[in-house]
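Single-structure report; data block below.
Numbering (UniProt numbering), first residue to last: 1 to 513.
Spelled out as structure tokens, the structure:
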């Protein structure tokens, strides 16, 4: 027998087995009225109210619904409601500028745009058929409580569930099509490797728009796990909620754990969650010193993963193995700094050019309406990650050594260096520019612009950075600018960025941090 694996499986089980259990505790400090602490039964009722509202609006199966929101219960509900009804959810980075959001809405063809109150005014000019502000407006004008929504006519695990836009080697982001099957397999595999179970308490320290919160919202619901919503990362607030709610599991970029370590230095009394909390880190491998501090200063278990939006995202998983427990802390941390062993069902290999290739049920269906770009990354049954790496012949663990694509990952955010270069080049004083990633203790890597000024022109570092912040999301702006007389090129005119990056990464064993 074969039945379609869809996102509905996770919420159906939560509604059946954990109907009276607390499902979600909303973020209390937000512009919209928080949703009262919801049981999974209430959560499922609200999901159905969203679906009935989209029915009444005339939004058909396969149509796209874009959501621009900080973490919130409503955002979490929509990650279920939209794809469970055969529609496609488009979670959008709330840090993007209006013209960037407009591009995502236009490229995805979204007919509905749902906005966090904090960004609603700034995005008022984005053209879309239906627009709602999350909160009171959606509760009264969109959601239909007590109305049974239309069922998905033909549930299909190969149907696109979400389109997640990610920066790549082009200036404009591409929409990654993730199917119900992609998300289902990723969620179950993630749950297996994190040892998730019914008595866990999960806190959303990772933005939900990031590859659907890495799929954790789904598997947590399927296991009946209490989910605590955190709107914005704050180290002290994370510690407080770990203590208040008994949190046991969190995911995030290195910057999140650096924030917690910073707050722990002045935390009164014992650090909450010692010997109880498990954290999952990805986005960029943190320094070994940070990994060691998580264990020594927080008493939390550190695990490392590697993946991409295109892979739902899980590809590898790395935690301290039983045989390594007796090793010195520094040696354990060094081993944990590797990307890890391929997750269950993942096959990896390294091409002759040093690029990491992957094969898995979590690999994307394609880039939305970009067949040529899709064909470039899906070749002969292998996904080309664009990352350089090595596989340890002794234990099969992957180490990421360099990034072949012109993408900088800073604080867990993907930034296209080409997009930043285009913006800097629009400054009247700039003649040439190259943007690279350089190591940073807190953010993993940060953005540096190498700039050649036009003849007779003048500009300060602050001018270039301010120009970027006017036109791009703040996290895409360079944190430093270095003025040069020229930018070296090959005989064919190409800039070899690996050579530009080399001096800044000297002494490190990899070209990404």
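The beta carbon of each residue, even a glycine, is placed where N, CA and C say it ideally should be. Just so it is clear, the structure is predicted and the values come from calculations on it, not from any experiment.
| Query | Result |
| --- | --- |
| Assumed close pair residue 137, residue 72 - CB separation to whole angstroms, cut-off 8 Å | About 14 Å separates the two Cβ atoms, so there is no contact after all. |
| Expected contact under 8 Å - CB spacing of residue 68 and residue 94 to nearest Å | 5 Å |
| Span of the alpha helix (DSSP H) around residue 180 | 180 to 193 |
| Beta-carbon separation (whole angstroms), residue 429 vs residue 454, contact threshold 8 Å | 6 Å |
| Between the CA atoms of residue 456 and residue 256 - distance to the nearest angstrom | 43 Å |
| As assigned by DSSP and simplified to three states, the class of residue 152 | coil |
| Buried/exposed call for residue 107, threshold 16 Cβ in 10 Å | buried |
| Closest Cα partner of residue 366 within the set 49, 135, 161 | 161 |
| Coil, strand or helix - residue 213 by DSSP | helix |
| Cutoff 8 Å; reference residue 464; Cβ partners in own chain excluding five residues on either side | 424, 427, 430, 449, 451, 478, 481 |
| Cβ-based neighbour list, residue 381, same chain, cut-off 8 Å, excluding 5 preceding and 5 following | 359 |
| Where residue 138 sits in the DSSP three-state scheme | helix |
| Residue 318 versus residue 224 - alpha carbon distance | 25 Å |
| Backbone secondary structure at residue 387 - three-state DSSP | strand |
| Completely contained alpha helix (DSSP H) runs for the UniProt domain "AMP-binding enzyme C-terminal" (419 to 494), where each covers 4 or more residues | 461 to 471 |
| Local Cβ density within 10 Å of residue 467, reported as buried at 16 or more and exposed below that | buried |
| Start-to-end residues for the alpha helix (DSSP H) that takes in residue 291 | 288 to 293 |
| Residue 115 beta carbon less than 8 Å from that of residue 134 | yes |
| With 16 other Cβ atoms within 10 Å as the buried cut-off, status of residue 140 | exposed |
| Beta-carbon proximity check, residue 341 vs residue 396, cutoff 8 Å | yes |
| Status (buried if at least 16 other CB within 10 Å, exposed otherwise) for residue 539 | In the structure displayed, the chain extends from 1 to 513; residue 539 sits before or after that span and is not available. |
| Spatial distance of residue 7 from residue 101 (CA atoms) | 26 Å |
| Inter-residue spacing [alpha-carbon to alpha-carbon] between residue 470 and residue 408 | 20 Å |
| 3 or more residues per run - each beta strand (DSSP E) lying fully within the stretch 213 to 278 | 226 to 229, 249 to 252 |
| Start and end residues, beta strand (DSSP E) containing residue 132 | 130 to 133 |
| Proximity to residue 421 [Cα-Cα], best of 50, 495, 127 | 495 |
| Beta-carbon separation (whole angstroms), residue 383 vs residue 310, contact threshold 8 Å | 7 Å |
| Beta strand (DSSP E) segment containing residue 27, residue limits | That residue, residue 27, is in no beta strand (DSSP E); it is neither H nor E in DSSP. |
| Residue 120 (DSSP reduced to helix, strand or coil) | helix |
| Cβ pair residue 291, residue 265 closer than 8 Å | no |
| Beta-carbon gap between residue 259 and residue 229 smaller than 8 Å | no |
| For residue 9 and residue 215, believed in contact at Cβ under 8 Å, the rounded distance | About 13 Å; that fails the 8 Å criterion. |
| C-beta contact flag for residue 336 and residue 362 at 8 Å | no |
| Any 3 or more C-beta pairs closer than 8 Å across the stretch 268 to 278 and the stretch 121 to 134 | no |
| In chain order, each beta strand (DSSP E) run of at least 3 residues that lies wholly inside the stretch 299 to 354 | 301 to 307, 314 to 318, 347 to 350 |
| Cβ-based burial, residue 434 [other Cβ within 10 Å; buried from 16] | buried |
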